[in-house]
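Asks: In the numbering used here, the protein residues as written are 74 to 201. Glycine is no exception: its CB is placed at the ideal position from the N, C-alpha and C atoms.
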Amino acid sequence: MVHVLSSRVLLRPSDPERSRAFYGEALGLEIYREFGTGPERGTVYFLGGGFLEVSGRAAQAPADTLQLWLQVADAAAAHSELLARGVEVLRPPVQEPWGLIEMWIADPDGHKVVIVEIPADHPLRYRP
74 MVHVLSSRVL
84 LRPSDPERSR
94 AFYGEALGLE
104 IYREFGTGPE
114 RGTVYFLGGG
124 FLEVSGRAAQ
134 APADTLQLWL
144 QVADAAAAHS
154 ELLARGVEVL
164 RPPVQEPWGL
174 IEMWIADPDG
184 HKVVIVEIPA
194 DHPLRYRP
């Protein structure tokens with residue numbers, strides 16, 4: 074069995090500076106580390122229990138198979154904060170049939186990001 078010590082999502086954006094502005098300023102993710110120099114430098118953000126690395130540059134359009142799932146304590150508050158920062162909200166927070174409250178946004182390259190709130194009474198929080 075592979076013993077995983079840490080993990081991160083590697084994102085190759087079409088415009089690294091624009092993506093750093095989105096993840097670092099609009100979403101407010103804290104920087105874990107940076108490496109390299111110039112516009113192609115790498116920036117690694119804390120992402121809850123993992124990391125998001127924005128580095129390099131994509132040579133082609135992104136695949137629609139990558140989606141980020143970010144859990145927050147309060148989806149309504151996150152919605153207000155993101156709107157105030159100019160982030161386009163694809164879908165405001167809605168309680169889904171499975172009980173989670175989900176809001177959808179997209180990064181500058183169109184990668185979908187779901188902002189999720191797990192209500193206090195949801196089975197993901199409560200185990201008898």
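Residues in the same chain with beta-carbon distance under 6 Å from V117, minus the five sequence neighbours each way, listed in chain order, please.
Replies: Y105, R106, F124 and E126
Asks: Leaving aside the five residues before and after R91 along the sequence, list all residues of the same chain whose C-beta is less than 6 Å from its C-beta, in chain order.
Replies: P181
Asks: Under 8 Å, with one C-beta from each stretch per pair, do the region 128-141 and the region 157-170 reach the 3-pair mark?
Replies: no
Asks: Just checking my contact of L141 with V186 at CB under 8 Å: how many whole Å lie between their CB atoms?
Replies: 5 Å
Asks: Using beta-carbon positions only, say whether P170 and A148 come within less than 9 Å of one another.
Replies: no
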